[in-house]
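These notes concern the structure reproduced below.
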Amino acid sequence: MDHLPRSGTLRWSGTLSFHEEARTWIVPFSGTKTLAPRHTKVDRTAEKLTDWVSRMRTHGASFRTLAGSGFRTWLPALRVALGLEPDAPVPLVNVRDPRLLRLELQIVAPQLARRRGAGVTRSPAYPMLPLLAGPPLTLGQLPALSRRTGEPIQLLRRLHALYVVGPVSTRPAWLHPASPRAAGCYPAAGRTGFLGFDRLPVPEEHRDDFRRWLKRSRFAQDWQLTPDGLRLRTCEFCGHHRLSPSRLREVSGAICSRCRRDRAGVPWPAVPYDAYRDRP
Ligand SMILES: [Zn+2]
Ligand SMILES: [Zn+2]
């Protein structure tokens, strides 16, 4: 005689901890198992992650919003589901622009093709978690993505360089830190495009340091250093002389205020991208 219940639902919840060397990651999990009529197991953790990643992919929804206040707890599991190491720096989770997030996911963590009839694919290293992404796209796969999405190839190449080739910053902030002094040089250069030594936004004794810093900074490609100051390079696409820098890492150099293109030729419309201007 069988004393096990033949029907009903078991529910469980708790936390999983992964230990690796000196580190520990805690992941919440919960699940149910319905014993009848068939033995079906619903893995809530896999279900949640699958749902969130699909909303990130289709709507560009931010992971912080989806996972709510517990989002930090979920990060290691998300990274594993995206095919990354549990502690990999993932700037994607900080991206708040839906269009960029969708594209970045398609490049860094493209949807894993589902085998027909197969259940959830499990992470080889952490089998309690689902694997939802294939390996990053190669440069050679970008033209096809550009045709499929209608997005400029220069933008896709930039995202690939930034998020696949790297080096991915160990500080996975989405935006560059604001740099009001460097940003102030752009309007200061004015119609002539020239900013004399005496008008650099630093005390006289720091002018050389400022020029040296600028040359190695993310602003470098916008400026030509001359013996007596700095010259702002005009837009190479329309020749305009008014450009403004952006805090978006996705932007290369400054954005032209007339044709809206950055130095790589990627257009950045004022709405919504002026919100990320690096302001003086
Ligand atoms: Zn003008
Ligand atoms: Zn232009």
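105 is the number of the first residue of the sequence shown in the numbering used here; add one for each residue after it. All residues carry an ideal CB built from backbone N, CA and C; glycine is no exception.
Alpha carbons only, please: which of Arg315, Leu299, Val370 and Ala265 is nearest the one belonging to Gly244?
Here residue 244 refers to the residue found at position 140 of the sequence shown. Residue Ala265 is the option with its Cα nearest to Gly244.
Can you name the start and end residues of the alpha helix (DSSP H) that Gly92 belongs to?
The shown model of the chain, from 105 to 384, leaves out residue 92, and the question about it has no answer.
Does Glu309 pass the burial test, meaning 16 or more other C-beta atoms within 10 Å, or should it be called exposed?
As a position in the sequence shown, residue 309 is number 205, starting the count at 1. Glu309 should be labelled exposed.
Among Leu233, Gly223 and Arg220, the one whose alpha carbon lies nearest that of Val184:
Here residue 184 is taken as the residue at index 80 of the sequence shown, counted from 1. When the alpha-carbon of Val184 is set against those of Leu233, Gly223 and Arg220, the nearest one is in Leu233.
Should Cys342 be listed as close to ligand 2, given that the test is whether its C-beta is under 6 Å from any heavy atom?
As a first step, residue 342 must be located in the sequence shown, where it is residue number 238. Result yes, Cβ under 6 Å from ligand 2.
Beta-bridge partners of Thr330, as assigned by DSSP:
Translated into positions along the sequence shown, residue 330 becomes position 226. According to DSSP, Thr330 bridges with Gly333.
Whole-number beta carbon distance between Leu170 and Ala213, since they are thought to touch under 8 Å:
In the sequence shown, counting from the first residue as 1, residue 213 sits at position 109. In the sequence shown, counting from the first residue as 1, residue 170 sits at position 66. Contact doesn't hold; Cβ gap of about 15 Å is too wide.
Just how far apart, CA to CA, sit Ser361 and Ala282?
Counting from 1 along the sequence shown, the entry for residue 361 is found at position 257. Counting from 1 along the sequence shown, the entry for residue 282 is found at position 178. Cα to Cα, the separation comes out at about 19 Å.
Per DSSP, which one or two residues make a beta bridge with Cys360?
Translated into the one-based positions of the sequence shown, residue 360 becomes position 256. According to DSSP, Cys360 bridges with Leu347.
Any non-hydrogen atom of ligand 2 within 6 Å of Cys289 CB:
The sequence position of residue 289 within the sequence shown is 185, counting from 1. Cys289 Cβ: outside cutoff for every heavy atom of ligand 2.
Rounded to whole angstroms, what is the Cα-Cα separation between Ala217 and Arg381?
For the purposes of this step, residue 217 is taken as residue 113 along the sequence shown, with counting starting at 1. For the purposes of this step, residue 381 is taken as residue 277 along the sequence shown, with counting starting at 1. Counting only the Cα atoms, Arg381 lies some 38 Å from Ala217.
Can you tell me which of Ala292, Pro193 and Leu182 puts its alpha carbon nearest to the alpha carbon of Arg383?
Your numbering for residue 383 matches position 279 in the sequence shown. Residue Ala292 is the option with its Cα nearest to Arg383.
Are at least three pairs of beta-carbons, each pair with one atom in the stretch 248-265 and one in the stretch 295-309, less than 8 Å apart?
no
Would you say the beta carbon of Arg337 is closer than 6 Å to some non-hydrogen atom of ligand 2?
On the sequence shown, residue 337 is found 233 positions in, with the first residue counted as 1. Arg337 Cβ: outside cutoff for every heavy atom of ligand 2.
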